[in-house]
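Visitor: Following this message is one structure expressed as structure tokens.
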Amino acid sequence: MRFVIVAALVGLSTACVSQGKFRNKSAEADQLRTRGEELEAALSKSQGELETERETARTLQAKLDELSSAKGALQAQVAELSSSKTKLESVKAELEKKSSEYEKMASALRGEIDAGRVELTELRGKMTVKMKDKILFSSGSATLGRPGKDALRAVAEVLRGVEGKVIRVEGHTDNVPVGRGYVTNWDLSVARSLAVVRFLQESGVDPTRLAAAGYGEHQPIASNDTPEGRSQNRRIEIVLAPGETPEPPPAPAPAAM
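Residues 129 to 385 (this note's numbering) make up the sequence shown, in order.
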């Protein structure tokens, strides 16, 4: 009987120990499960953050590539503009390059130029001597006065050495009707240009280089609504433009015997 009771007590004690271990293991398992869930959540969060960082990195890389491409395009534009600037400066220098005739004319007419009675320009090999009519002619007249002849002698001195140029004398007027002697301003402008051509020829300028043209009031360079503008429009322009060297006239045929 005593043996039975002892056996029962041993069995009961063993059962209590097993249940205690089970509860401990179960608690440990719960803790491990919870820890695993926490780690899984942390891992998932880290993966999400990593993916966000990767997306940010991809976006930044795309922007960097875009900026790099834009930089390359800008550098190409800068190089192109620099090349264009160099070409323009070269063209400008060529256009502004003055001929020996220009330098001689500027020197010969320095006094008239400084006084504002004569303007001298040159562009693309075309030189223009612009003279106000009041230093050449009296109002409504095509007769050269002394101041005009003095100025034209200085011009003729340079023109005598000019080769390969056409020397065209152009007459211009304002729009005020002529008073007497000429039907229209056009007639007056032609008469004045012819008077200058004749004087240049008499001063030794090759007549095969000379031409006369009259434009009347039809090519103004200023408004005819003011006295100042009309004064600018009344002018003689002597234009030197590139021209062909004239061929000598053919020899006369021998007289028939």
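Ideal placement from N, C-alpha and C gives every residue a C-beta, glycine not left out. Computed from a predicted structure; not experimentally measured.
Are the CB atoms of residue 303 and residue 356 within a distance shorter than 8 Å?
Guide: No, they are not a contact pair.
Visitor: From the DSSP secondary-structure annotation, give me the bridge partner or partners of residue 258.
Guide: Bridge partners of residue 258: 247 and 365.
Visitor: List the endpoints of the continuous alpha helix (DSSP H) containing residue 299.
Guide: Segment 293 to 300 is the beta strand (DSSP E) holding residue 299; no alpha helix (DSSP H) there.
Visitor: For a quick check, are the C-beta atoms of residue 294 and residue 245 less than 8 Å apart?
Guide: Taking 8 Å as the Cβ cut-off, residue 294 and residue 245 do not qualify as a contacting pair.
Visitor: Within 8 Å, do at least three Cβ pairs link the segment 249 to 268 to the segment 307 to 317?
Guide: They touch, by the three-pair rule.
Visitor: In the DSSP output, what is residue 342 paired with across the bridge?
Guide: Answer is 299, bridged to residue 342.
Visitor: How should residue 313 be labelled, buried or exposed, when 16 other C-beta atoms within 10 angstroms of its C-beta is the threshold for buried?
Guide: The residue in question, residue 313, is buried, as its Cβ has 16 or more Cβ neighbours within 10 Å.
Visitor: For residue 369 versus residue 296, is the C-beta spacing smaller than 8 Å?
Guide: Their beta carbons are under 8 Å apart, which means residue 369 touches residue 296 by this criterion.
Visitor: Give me the Cα-Cα distance between residue 239 and residue 353, rounded to the nearest whole angstrom.
Guide: Their Cα atoms are separated by approximately 30 Å.
Visitor: Hey, would you say residue 284 sits closer than 8 Å to residue 333, going by beta carbons?
Guide: Yes. Within cutoff.
Visitor: With H, G and I counted as helix, E and B as strand and the rest as coil, what does DSSP make of residue 237?
Guide: In this structure, residue 237 counts as coil in the three-state DSSP scheme.
Visitor: Run through DSSP, which three-state label would residue 373 get?
Guide: Confidence at residue 373 is low in this model, with a pLDDT of 49, below 50, so the placement of that residue is unreliable and no value is reported for it.
Visitor: DSSP beta-bridge partners for residue 265?
Guide: Answer is 272.
Visitor: Closer than 6 Å by C-beta to residue 290: which residues in its own chain qualify, once you throw out the five before and the five after it? Chain order, please.
Guide: Once the five neighbours on either side are set aside, the close Cβ partners of residue 290 are 229.
Visitor: Among residues of its own chain, excluding the 5 on either side of residue 340, which ones have a beta-carbon nearer than 6 Å to its beta-carbon?
Guide: These residues qualify, in order along the chain: 297, 321, 322 and 325.
Visitor: Return the residue from the list 152, 262, 349 and 227 that minimises the CA-CA distance to residue 252.
Guide: Ranking the options by Cα distance to residue 252, first place goes to 227.
Visitor: When you compare each of 366, 367 and 348 to residue 360 by their alpha carbons, which one comes out closest?
Guide: Closest option to residue 360, Cα to Cα, is 348.
Visitor: Work out the CA separation of residue 185 and residue 454 for me, nearest whole Å.
Guide: Residue 454 lies beyond the stretch modelled for the chain, which goes from 129 to 385, so this question has no answer here.
Visitor: Determine the direct distance from the alpha carbon of residue 288 to that of residue 364, and round the result to whole angstroms.
Guide: Looking at the two C-alpha atoms, the distance is approximately 19 Å.
Visitor: Rounded to whole angstroms, how far is the Cβ of residue 362 from the Cβ of residue 260, which I believe are closer than 8 Å?
Guide: Going by Cβ atoms, the distance from residue 362 to residue 260 rounds to 7 Å, so yes, they are a contact pair.
Visitor: Tell me the DSSP secondary structure of residue 286 in three-state form.
Guide: DSSP places residue 286 in helix when its eight states are reduced to three.
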